[in-house]
Amino acid sequence: MLTQERLKELLHYDRDTGVFTRLKTRSSRAKEGEIAGWPSSGGYLRVCVDGKVHFCHRLAWLYEHGEFPSAFMDHINGDRQDNRISNIRQVSLSQNGFNRKMQSTNTSGIKGVSWCKEMKKWRAGIMHEGKHIHVGYFIEKIEAAEAIEKVRNELHGAFANNGGKAA
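Quick look at the structure:
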């Protein structure tokens, strides 16, 4: 298993930029001084260390804290390639879900708010710990937006994402 000591022999991590650079030439494609890593299909940066591919945000945690993180990591600002230590945190599965951005299929423009044809009102709802919580029906979209934001902030705290890139 990769250790902090071994990682620091091979790569330098800049905590202010979140970028790894190579300390040693390992092959014609991995030369000393070059930025290490490439984007995965999911948008996260990865790097190969001693023949094993790792996500850079997990290596940043190892580099700074001396151990691999728990199962789930979160990019606070939602940018999967921003691996500054100040932008990543260990989270539970639920907390990781709280910080999701607005769905691309959203038509109201407000996370958690949709138009209810039957009621002819705006409906606000949120998922919390695997359960859907109905916040209410509202005549004005702005009222639904304010209500859902208040509930989201109460339930999700520091992990609340009210529809931007991330919390």
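Residues 1 to 167 (UniProt numbering) are what the sequence shown spells out, left to right.
For each residue, glycine too, the CB sits at the ideal point set by N, CA and C.
Note that the structure is predicted; figures quoted are calculated from it, not measured.
### Query
Between Q103, R58, R100 and G37, which lies nearest to I88 when the distance is taken from Cα to Cα?
Locating residue 88 in the sequence shown gives position 88, counting from the first residue. Looking at the Cα atoms, R58 is the closest of the given residues.
### Task
Compare the Cα-Cα distances from H8 to each of G125, V49, Y44 and D82 and report the closest residue.
Taking the first residue of the sequence shown as position 1, residue 8 is located at position 8. Note that residue 8 is Lys in the sequence shown, not His. When each option's Cα is compared against that of K8, the closest is V49.
### Query
Is the region 131-145 touching the region 69-83 in the sense that three or more CB pairs, one from each, lie closer than 8 Å?
No, they do not touch.
### Message
Going by DSSP, what residue range makes up the beta strand (DSSP E) through I133?
### Response
Residue numbering aside, residue 133 sits at position 133 when the sequence shown is read from its first letter. It spans K131 to F138 - the beta strand (DSSP E) in which I133 sits, taken as one unbroken run.
### Query
If you draw a straight line from the alpha carbon of Q95 to that of A124, how long is it in whole angstroms?
Here residue 95 refers to the residue found at position 95 when the sequence shown is read from its first residue. Here residue 124 refers to the residue found at position 124 when the sequence shown is read from its first residue. Straight across, the Cα-Cα distance linking Q95 with A124 is about 20 Å.
### Message
Helix, strand or coil, according to DSSP, for N96 in the structure here?
### Response
Taking the first residue of the sequence shown as position 1, residue 96 is located at position 96. N96: helix per DSSP, three-state reduction.
### Query
So the beta strand (DSSP E) K52 belongs to, where does it begin and stop?
Numbered from 1 along the sequence shown, position 52 holds the residue referred to as residue 52. Where K52 is concerned, the enclosing beta strand (DSSP E) starts and stops at K52 to F55.
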